[in-house]
Amino acid sequence: MSDCLFCHIIAGDIPATIVYEDEFVLAFRDINPQAPVHHLIIPRNHIATINDLAPENAAVIGKMYLAAKHLAAEEGIAESGYRAVMNCGQAAGQTVFHIHLHLLGGRSLQWPPG
Ligand code: AMP
Ligand code: ZN
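This is how it looks when you write it as structure tokens:
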């Protein structure tokens, strides 16, 4: 998608601090971190929101969580705990319409979120 910020990051047109990548997903540091660890994990294929998921996207969602698990271990937060969440739509605060898993950790996280 030519007008999608995260597709531009995948293409290398917009810089990001890449922390993990494989054939299916890319992960990079959030530009406005909300916790000591705040990474975004995105599929290489453009999917706007959870509402746009199709059955053939099921595997990449699993790959995103496997990347979160890998990064949590690498960041040393696997045992202390972390959150891996996706916002969907305006009321949930989604601002970039290319799905992304937020990996947040390194501090105590409140529940429920605001
Ligand atoms: P959401 O509000 O769930 O759509 O999350 C979008 C996230 O993308 C926010 O946490 C932003 O800080 C982050 N973000 C926006 N632009 C960039 C960028 N150029 N590089 C890294 N993270 C970004
Ligand atoms: Zn995109």
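Sequential numbering from 59 applies to the sequence shown in the numbering used here. By construction, the Cβ of each residue, glycine as well, lies at the ideal position given by its N, Cα and C atoms.
N-terminal and C-terminal residue of the beta strand (DSSP E) that residue i is part of
| i | result |
| --- | --- |
| E79 | I76 to E79 |
| H66 | Careful: H66 lies outside any beta strand (DSSP E), inside the alpha helix (DSSP H) at L63 to A69. |
| V95 | V95 to P101 |
| L84 | V83 to R87 |
Neighbourhood of residue i by C-beta, 8 Å cutoff - its chain only, sequence neighbours within 5 removed
| i | result |
| --- | --- |
| D88 | H96, H97, L98 and H160 |
| T107 | C146, G147, Q152, F155 and I157 |
| I76 | L84, A85 and F86 |
Inter-residue spacing [alpha-carbon to alpha-carbon] between residue i and residue j
| i | j | result |
| --- | --- | --- |
| L84 | H104 | 12 Å |
| P94 | A136 | 14 Å |
| I67 | L124 | 21 Å |
| P113 | E81 | 19 Å |
| P101 | A116 | 11 Å |
| G164 | Y140 | 7 Å |
Three-state secondary structure (DSSP) of residue i
| i | result |
| --- | --- |
| L167 | coil |
| A150 | helix |
Limits of the alpha helix (DSSP H) - the one that residue i falls within
| i | result |
| --- | --- |
| L124 | A116 to E133 |
Other residues of its chain near residue i: CB distance less than 6 Å, five sequence neighbours each side excluded
| i | result |
| --- | --- |
| L63 | V154 |
| I72 | H66 |
| M122 | V83, I99 and L159 |
heavy atom of the ligand ZN below 7 Å from residue i C-beta
| i | result |
| --- | --- |
| M59 | yes |
Neighbourhood of residue i by C-beta, 7 Å cutoff - its chain only, sequence neighbours within 5 removed
| i | result |
| --- | --- |
| A126 | I99, A142, L159 and L161 |
Proximity test, residue i beta-carbon vs the ligand AMP heavy atom, cut-off 7 Å
| i | result |
| --- | --- |
| H158 | yes |
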